[in-house]
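See structure below.
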Amino acid sequence: MQINNTTMNYESIYEGYYFKYYSKVEFLIKNFLVKRHSQKKTFGNSYNEVVHYLSNDFVKKHNLYANENLECAYRIFGKRGSIYFIDEVQEIYKNEIKIEFDKINTADLPANYTYHQFIKEVALIEAVRQILRLFSNHERLHAMVYELNEFDKFEIKVYGNLALEDYPNFKILHAKLYPKPLEIIVKNVQLEVFDSEEIDLNDSTTTYDYLGQSSNEKANELFDFLIQYYRPDEKTSVKFVNILHYLKNDANKELYIFNIKQLDFKEIIKTKFKIEIKKFAKSERYHDDEKSILNTLESSFRNKKS
4 MQINNTTMNY ESIYEGYYFK YYSKVEFLIK NFLVKRHSQK KTFGNSYNEV VHYLSNDFVK
64 KHNLYANENL ECAYRIFGKR GSIYFIDEVQ EIYKNEIKIE FDKINTADLP ANYTYHQFIK
124 EVALIEAVRQ ILRLFSNHER LHAMVYELNE FDKFEIKVYG NLALEDYPNF KILHAKLYPK
184 PLEIIVKNVQ LEVFDSEEID LNDSTTTYDY LGQSSNEKAN ELFDFLIQYY RPDEKTSVKF
244 VNILHYLKND ANKELYIFNI KQLDFKEIIK TKFKIEIKKF AKSERYHDDE KSILNTLESS
304 FRNKKS
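Under the numbering used here, the first residue of the sequence shown carries the number 4, and numbering increases by one thereafter.
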C-alpha cells in the first residue's frame with residue numbers, strides 16, 4: 004500500500020535539516036575542545052566527555068527514544084537501503100514510515116507533534132550518529148589537532164575511500180608530531196654547526212658517524228609507530244628506553260637497522276617529548292612483558308605495510 008504524497012519532497016526536507024545539524028554539531032564540538040584545551044585538560048578526558056554526551060545525555064533529550072511509537076517508526080528508516088535501491092530516503096518517508104506514523108494516536112504523541120517534526124528529529128539524530136562514528140574512527144587525527152593546538156584543521160568528514168593516514172591534515176600533523184629521527188638529528192646538528200665557532204668546516208678529519216645515517220627507512224617508520232602505539236598513555240623515560248633497546252637489539256635485523264646512538268636518541272626524546280633520559284636502563288620486566296608487546300606491535304606494523 005502506498006500513500007499519495009507525491010507532491011511532498013521528503014528527501015529535500017530531511018537533507019536540509021541533516022546538513023544544517025551536522026555543521027552545527029561539528030562546530031559545537033570544535034568549540035568545546037578549544038575550551039577544554041585552554042583549561043589544560045587532556046585530549047583523552049575531553050574526547051570521553053564528547054562521546055559520553057552524544058551517546059547518552061543527548062539521546063535522552065529527544066522524543067524518538069522517549070516515545071516507543073516514534074522509536075518504532077524511526078527504526079524503519081534504518082532499513083531504507085534494503086527496501087529501495089534508489090531514492091531510498093524519499094520513498095521510505097513517503098511510504099513505510101508515513102504508514103507507521105499515521106497509525107499513532109495523537110494522544111500518544113508529544114503535544115503538537117507533526118510528521119515534519121518527526122523528519123526533522125530523525126535528521127538530527129542521524130547527523131549526530133554519523134558525527135559520533137567519524138569522531139571515534141578518526142580519534143588519532145583529532146588527538147593530533149588537539150595536541151598541536153591547530154584547531155583550524157579540525158573537521159569531521161570523510162575523504163572518499165582514503166585511509167585515515169592518507170588524509171591531507173593527518174599527513175601534515177603527523178609530520179609535525181612525529182618527525183623522522185634522522186631529520187631531527189640532522190636539524191640539531193645543522194644548528195650546532197652554525198652556532199659553533201669550534202668546528203672547522205674545511206677539516207676533512209671531522210666525521211659525523213653519530214648521525215645514524217645507516218638506519219634504514221623501515222626502522223625509522225617502526226620507531227614512529229612504536230612511539231605512537233606502545234603504551235600510548237605513558238610518557239616516561241623507560242618507555243622510550245624500551246623502544247630503543249628493542250629496535251637496536253630485538254627487532255628483526257633483516258628488516259630494521261636502527262643505528263642511532265644513545266646521546267642522539269636522548270636528544271630526540273628531549274626535543275620532541277620534553278622528557279630527560281638520565282639512564283638507559285630498560286624496564287625490569289622487559290623480557291617478561293614488554294618485549295612481547297613490542298613484538299606484537301611490530302607484527303601489526305608489518306601487516307599494515309603489506
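Glycine is no exception: its CB is placed at the ideal position from the N, C-alpha and C atoms.
Residue i (DSSP reduced to helix, strand or coil)
i, result
"Asn8", "Caution is warranted here: a pLDDT of 49 is assigned to Asn8, below 50, making its placement in the model unreliable, and the coordinate value is therefore given only provisionally. It is coil, neither helix nor strand."
"Val54", "helix"
"Gln93", "helix"
"Leu73", "helix"
"Asp169", "helix"
"Asn140", "helix"
"Arg78", "helix"
"Thr299", "helix"
"Ser286", "coil"
"Ile202", "In this prediction, Ile202 has a pLDDT of 34, which is less than 50 and means its spatial position is unreliable; nothing more can be read from the coordinates."
"Ala130", "helix"
Supposed close pair residue i, residue j - CB separation, criterion 8 angstroms
i, j, result
"Tyr232", "Lys242", "Not really, about 11 angstroms apart at Cβ, beyond 8 angstroms."
"Ala126", "Tyr17", "5 angstroms"
"Ile102", "Phe80", "At roughly 13 angstroms, the Cβ-Cβ gap does not stay under 8 angstroms, so Ile102 and Phe80 are not in contact."
"Ile159", "Ile175", "No, Ile159 and Ile175 are not in contact; Cβ-Cβ is about 17 angstroms, not under 8 angstroms."
"Tyr249", "Leu180", "That belief does not hold up - the Cβ atoms of Tyr249 and Leu180 are roughly 21 angstroms apart, past 8 angstroms."
"Val154", "Lys38", "Note that residue 154 is Phe in the sequence shown here, rather than Val. Between Lys38 and Phe154 the Cβ distance is about 11 angstroms, and since that is not below 8 angstroms, they are no contact."
"Leu348", "Ser49", "Outside the displayed range of the chain (4 to 309) lies residue 348, so it cannot be described from this structure."
"Ser139", "Val54", "7 angstroms"
"Ala334", "Phe104", "Examination of residue 334 is not possible in this model, given that the chain is present from 4 through 309 alone."
"Asn245", "Glu293", "5 angstroms"
"Phe276", "Lys238", "6 angstroms"
"Asn172", "His40", "Wrong, their Cβ atoms sit about 17 angstroms apart, outside the cutoff."
Of the listed residues the options, nearest to residue i (C-alpha basis)
i, options, result
"Ile260", "Gln133, Glu14 and Asn223", "Asn223"
"Ser240", "Arg136, Asn306, Ala254 and Ser286", "Ser286"
"Lys221", "Arg136, Arg78, Phe304 and Asp253", "Phe304"
"Asn354", "Ile230, Glu52, Asn108 and Lys273", "Nothing about residue 354 can be read from this structure; the chain reaches only from 4 to 309."
Given 8 angstroms, three or more beta-carbon pairs between the region 136 to 151 and the region 167 to 183: yes
Between the region 82 to 91 and the region 60 to 67, do three or more beta carbon pairs fall short of 8 angstroms? no
Between the region 108 to 125 and the region 41 to 53, can you find at least three pairs of beta-carbon atoms closer than 8 angstroms? no
Under 8 angstroms, with one C-beta from each stretch per pair, do the region 97 to 114 and the region 16 to 33 reach the 3-pair mark? no
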